[in-house]
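Read through the structure below, which is laid out as structure tokens, and then see the notes.
2 protein chains.
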Amino acid sequence: MQTKHDKPTIDQVARKASVSKTTISRYLNGRYEFMSEETRKRIQTVIEELEYRPNNLARSLKSNHSGLIGVVVADISSPFASILVKGIGDQCTASGYHTIIANTDNDPVKEKEYIEALIDNRVEGLILNITGHNNEFIIELGAEGVPIVLADRAMSELYFDTVTSNNYQMTYQTIEYLIRAGFKEISFFTEEIGVVSSRRIRMQAFLDACKQHFQHDCEEWIRVCSFSDLNDVQTSLLDFLGTDKGPHAVFAVNGVMMLSLAQAITNLNLVMPRDLGLCGYDDWGWTSLVPPGITVISQPSYQVGVEAAKRLLGRIQQKKNMRAKVIELASSLIIRGSTKL
Amino acid sequence: MQTKHDKPTIDQVARKASVSKTTISRYLNGRYEFMSEETRKRIQTVIEELEYRPNNLARSLKSNHSGLIGVVVADISSPFASILVKGIGDQCTASGYHTIIANTDNDPVKEKEYIEALIDNRVEGLILNITGHNNEFIIELGAEGVPIVLADRAMSELYFDTVTSNNYQMTYQTIEYLIRAGFKEISFFTEEIGVVSSRRIRMQAFLDACKQHFQHDCEEWIRVCSFSDLNDVQTSLLDFLGTDKGPHAVFAVNGVMMLSLAQAITNLNLVMPRDLGLCGYDDWGWTSLVPPGITVISQPSYQVGVEAAKRLLGRIQQKKNMRAKVIELASSLIIRGSTKL
DNA sequence: TTGTACGCGTTATCAG
DNA sequence: CTGATAACGCGTACAA
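Just so you know, the protein sequences line up as chains Z and Y, in that order. All you need for this note's numbering is the position in the first sequence, starting with 1, plus 36. All you need for this note's numbering is the position in the second sequence, starting with 1, plus 36.
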């Protein structure tokens, strides 16, 4: 009695409508140019009766067109990624594509496995938020003809279209703002930089801006600590504040670090901007609520997703060999009380 | 020259290894029980040389086993959903399944389209965070044999396994806590309730708890406003505080409303708990940072995802007709300064 | 231990 | 205007 559940095939429709599969197939693909009004009606009726829907697996297999886009992100639970994914999804949907999303947890092994699995399922293209540890593999994939766009995190050379925000410029500009605002010592709080381009670029911008304005290397102002270890963050913070000059400011490399810093500051009963200034990435909605409001850089995550998808779909549709290109979208600096001396 | 990019098929492998497809197929599926050590080695070599990977579309088509799970959420950009999705993904991955994620933006039309598309791609099961406006359709799908699990939002009758947090109990308990803490007027701030079960249940718990303790209906304490319209929230808040009794407390139906309320409170220069108490759903990381700390209910979103996936995979694997069941996971109440009179 | 031949549900090429 | 038939890439009885 489980045949009741089996989905009807094009054959059954054909039989019931007393025509051949071919005709049904034509109908399905809108090629009713050479079809009598009558058969057309009949087919329509039968399809509705049977609630027939074509099997996309078979269709994809035959046509080499799955209508699927693979998306691989490092951490879907971060607001940056989830909003990015939303942008990608909206754009893909608008073009009749669907997205398969995979989450790597920043694990290169998972990353490779997922990408392979996506390819195995014949996605037509990939949007990647890379860990940075599978670059050769990914480059080879690209060479084999798989359309690929990088989102947020770039490779050191331009192999693929890359959509990011203007990390360097924005960070540089923010550090300059801090200096103009009167801060004399500025610390850059980051988690392990590794090979993640956005972190690396932000750090470089920090170093360059400091060197430009303070006339000396400022590497000792970089604090690498684990955002998941609040004690670590607190210790680093106190250590930095312990230097005597001041006024001190702290820059957060990303939203997670920003949260840790805000927690540390709260725990230590420090008052902004009296005891220290705080600013950095990202604006995840709550930064205006922590008195006196935290100065933040707001990234256009949604737009990054949209542009990445647009670029990928463009590449998929016109098989031309467009040159790889970097698309940098502008973030915005939102100045609040935490950095107003 | 583009043949270079074409992926090798099982036939090519077979030819190159001088055996038949069958043998390759056996090799791929680990059935080397009847295979000479030698052919096995040879096949392995050829596969590596050609970098052959089986086409999952063909495989799925033939075997009726796609290894894909469809996930449909109302808003992927919300922390609740993105963490839920992470839990689902982790669990599915652990069982060798992949997830296709679709985002409905709470739009019933999109919801139906996506579900159909997922079915067309032969996902083996669905995890749904429903809008509530396609219930008949979904129920029919279930009747046709598609394994379905609901996450977070339930239907009014128990058609499917449903994984949620203990909304009623937790909300009731929180309202009781507020009353014990000394609040005399409690407002329930929500966006349009519609057919979303979690909102409805929380509201009911609020009403029941108030009635129980204040001995009268408290519907006038419910404020429906649009979280995207901050003015609306501020006006409603002032309106509520305008009543003379006090002390006043406000309960947020979800994390988005909580954020709006916190913003409204900041904008209006209100001080907690002096001017009002604030608590509710959700704990999205920042609530401890707004002085004096906001009392929140923390949902086990990740665990909801994990359990939903477990349940679905169980259903897929053992084709038995398990009875539909509700799995309620416990949230936790985190008491902070905002409600300590 | 290995191979032949057919089918999964579609689409495309031809012929009628 | 319509219908056989082959093919997409793989898995599996059945045969050898």
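Even glycine gets a Cβ: it sits at the ideal position worked out from N, Cα and C.
Kindly indicate if chain Y contains any beta-carbon less than 8 Å away from that of residue i.
i         : result
Gln-48/Z  : no
Ala-241/Z : no
His-134/Z : yes
Val-289/Z : no
Gly-341/Z : no
Gly-125/Z : yes
Arg-372/Z : no
Lys-122/Z : yes
Ala-94/Z  : yes
Ser-102/Z : yes
Ala-366/Z : no
Arg-310/Z : no
Leu-348/Z : no
Ser-334/Z : no
Glu-357/Z : For clarity, residue 357/Z is Asn in the given sequence; the question names Glu instead. So, not an interface residue.
Pro-327/Z : yes
Who pairs with residue i in a beta bridge, going by DSSP?
i         : result
His-284/Z : Glu-221/Z
Leu-369/Y : Ile-333/Y
Ile-137/Z : Val-107/Z
Asp-42/Y  : DSSP output for Asp-42/Y lists no bridge partner at all.
Gly-123/Y : Partner(s): none; Gly-123/Y has no beta bridge.
Asp-197/Y : Val-185/Y
Arg-347/Y : Answer is none; Arg-347/Y lacks a bridge partner.
Ile-363/Y : Val-199/Y
Closer than 8 Å, CB to CB, is residue i near chain Z or not?
i         : result
Met-37/Y  : Confidence in Met-37/Y is poor, its pLDDT being 31 and thus under 50, which makes the residue's placement unreliable; the coordinate value appears in the next sentence. No, its Cβ sits nowhere closer than 8 Å to a Cβ of chain Z.
Glu-152/Y : yes
Lys-77/Y  : no
Lys-281/Y : no
Ile-363/Y : no
Asn-305/Y : no
Arg-351/Y : no
Asn-65/Y  : no
Gly-321/Y : yes
Thr-5/Y   : There is no way to answer for residue 5/Y, as the model of chain Y reaches only from 37 to 377.
Ser-113/Y : yes
Ile-119/Y : yes
Thinking just about the alpha-carbon of each residue, which of the options is nearest to the one in residue i?
i         : options                                    : result
Glu-256/Z : Thr-279/Z, Asp-268/Z, Gly-125/Z            : Thr-279/Z
Leu-162/Z : Gln-335/Z, Thr-207/Z, Leu-104/Z            : Leu-104/Z
Ile-166/Z : Ile-155/Z, Gln-48/Z, Ala-153/Z, Lys-146/Z  : Lys-146/Z
Leu-277/Z : Cys-246/Z, Ile-119/Z, Lys-220/Z            : Lys-220/Z
Leu-297/Z : Val-307/Z, Leu-314/Z, Pro-309/Z, Lys-281/Z : Leu-314/Z
Val-340/Y : Val-121/Y, Asp-141/Y, Val-159/Y, Ser-262/Y : Val-121/Y
Ser-367/Y : Arg-359/Y, Phe-196/Y, Leu-64/Y, Ser-201/Y  : Ser-201/Y
Asp-156/Z : Pro-183/Y, Tyr-150/Y, Pro-90/Y             : Pro-90/Y
Val-362/Y : Thr-198/Y, Ile-175/Y, Asp-275/Y            : Thr-198/Y
Met-206/Y : Asn-171/Y, Ala-245/Y, Ala-179/Y            : Ala-245/Y
Asn-142/Z : Arg-359/Z, Cys-254/Z, Pro-328/Z, Val-108/Z : Val-108/Z
Ser-118/Z : Ile-174/Z, Tyr-338/Z, Met-191/Z, Ile-222/Z : Tyr-338/Z
Asn-290/Z : Leu-349/Z, Thr-271/Z, Ser-233/Z            : Ser-233/Z
Asn-100/Z : Gly-66/Z, Lys-77/Z, Ile-352/Z              : Ile-352/Z
Leaving out five residues before and five after residue i in sequence, what residues of the same chain have Cβ atoms less than 6 Å from its Cβ?
i         : result
Met-37/Y  : Because Met-37/Y carries a pLDDT of 31, less than 50, the predicted location of this residue cannot be relied on, and the following value inherits that uncertainty. Cβ neighbours of Met-37/Y beyond the five flanking positions: none.
Thr-39/Z  : Low confidence applies to Thr-39/Z: its pLDDT is 35, below 50, so where it sits in the model is not reliable, and the reading given next is rough at best. Result list for Thr-39/Z: empty, nothing under 6 Å.
Ala-345/Y : Ile-124, Gln-127, Cys-128
Val-332/Z : Asp-319, Thr-323, Ile-370
Leu-273/Y : Ala-300
His-169/Y : Pro-144
His-249/Z : Ile-215
Ala-50/Y  : Ser-56, Lys-57, Ile-60
Val-326/Z : Ala-298
Ala-53/Y  : Arg-78, Ile-79, Val-82
Between residue i and the ligand PLP, is the CB less than 7 Å from at least one heavy atom?
i        : result
Glu-73/Z : The model on display carries no ligand, and the ligand PLP is accordingly not part of it.
To which residues of the same chain is residue i closer than 7 Å at the C-beta, ignoring the five residues directly before and after it?
i         : result
Gly-218/Y : Pro-283, Leu-377
Ala-288/Z : Phe-225, Met-294, Leu-297, Gly-316, Tyr-317
Lys-247/Y : Asp-253, Cys-254
Ser-374/Z : Met-308, Pro-309, Gly-313, Leu-314, Cys-315, Pro-328, Gly-329, Ile-330, Thr-331
Which same chain residues, not among the five before or five after residue i, have their C-beta less than 8 Å away from its C-beta?
i         : result
Val-159/Y : Ser-102, Leu-104, Ile-105, Gly-106, Ile-136
Okay, do the region 258 to 267 of chain Y and the region 207 to 227 of chain Y touch, 3+ Cβ pairs below 8 Å being the bar?
With the cut-off at 8 Å, the region 258 to 267 of chain Y and the region 207 to 227 of chain Y touch.
Touching or not, the region 337 to 351 of chain Z and the region 179 to 189 of chain Z, by the rule of three or more beta carbon pairs under 8 Å?
Short answer: they touch.
Counting Cβ pairs, one atom from each stretch, are 3 or more of them under 8 Å apart for the region 42 to 61 of chain Y and the region 89 to 102 of chain Y?
Contact holds: three or more Cβ-Cβ distances are below 8 Å.
Touching by the beta-carbon criterion (3+ pairs, under 8 Å), the region 69 to 83 of chain Z and the region 105 to 122 of chain Z:
Not touching, per the Cβ criterion.
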